[in-house]
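Participant: Handing you a structure now.
Rendered as structure tokens:
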């Protein structure tokens with residue numbers, strides 16, 4: 003794996019971790035239900051796309067941190083993962 007590919011991959015992994023963290027924070031602190039109940043409500047009311055969209059907000063901060071540190075390839079990985087999350091949200095809306 004080349005150096006550039008490795009840096010982009012690291013950006014993608016960090017973006018996925020940031021998105022999962024954002025989903026967890028939303029479910030734990032902003033939902034009026036417990037964790038399991040929130041997952042059941044999301045399933046019954048088909049809210050996966052909306053929660054996924056909110057969960058991707060931390061990617062914005064990660065992206066700007068990488069830009070500020072001049073780690074452009076990692077920032078590209080974050081951008082790529084964010085685009086994939088947006089595509090997944092679009093697909094979830096269609097289903």
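In my numbering, the protein residues as written are 3 to 97.
Note that CB positions come from ideal geometry on N, CA and C, so glycine has one too.
1) So, for residue 56: in the same chain, excluding its five sequence neighbours on each side, which residues have a beta-carbon less than 6 Å away from its beta-carbon?
2) Taking residue 60 as the reference, give the member of 95, 84, 96 and 76 with the closest Cα.
3) Taking DSSP as the reference, what is the three-state secondary structure of residue 48?
4) Taking Cβ positions, are residue 54 and residue 90 nearer each other than 9 Å?
5) Of the choices 71, 65, 74 and 35, whose alpha-carbon is the least far from that of residue 139?
6) Should residue 21 be labelled buried (16 or more other beta-carbon atoms within 10 Å of its own) or exposed?
7) Please identify the residue among 73, 69, 36 and 35 whose C-alpha is closest to the C-alpha of residue 6.
8) In this structure, does DSSP put residue 34 in helix, strand or coil?
9) Out of 97, 36 and 69, state which residue places its alpha-carbon closest to the alpha-carbon of residue 13.
Facilitator: Reading off the structure:
1) In the chain shown, the residue the question calls residue 56 occupies position 54. 28.
2) To locate residue 60, count along the chain shown from 1; it is residue 58. Comparing Cα positions, the closest option is 84.
3) In the chain shown, the residue the question calls residue 48 occupies position 46. Here residue 48 sits in coil by DSSP.
4) Along the chain shown, one-based indexing puts residue 54 at 52. Along the chain shown, one-based indexing puts residue 90 at 88. Yes. Within cutoff.
5) This structure cannot speak to residue 139, because the chain is shown only from 3 to 97.
6) Position 19 of the chain shown, counted from the first residue, corresponds to residue 21. By the 10 Å Cβ count, residue 21 comes out buried.
7) Position 4 of the chain shown, counted from the start, is the residue given in the question as residue 6. The shortest C-alpha separation from residue 6 is found at 73.
8) Stepping through the chain shown from its first residue, residue 34 is reached at position 32. Residue 34 falls in the coil class under three-state DSSP.
9) Taking the chain shown and counting its residues from 1, the one referred to as residue 13 is at position 11. Checked all of 97, 36 and 69; the closest Cα to residue 13 is 69.
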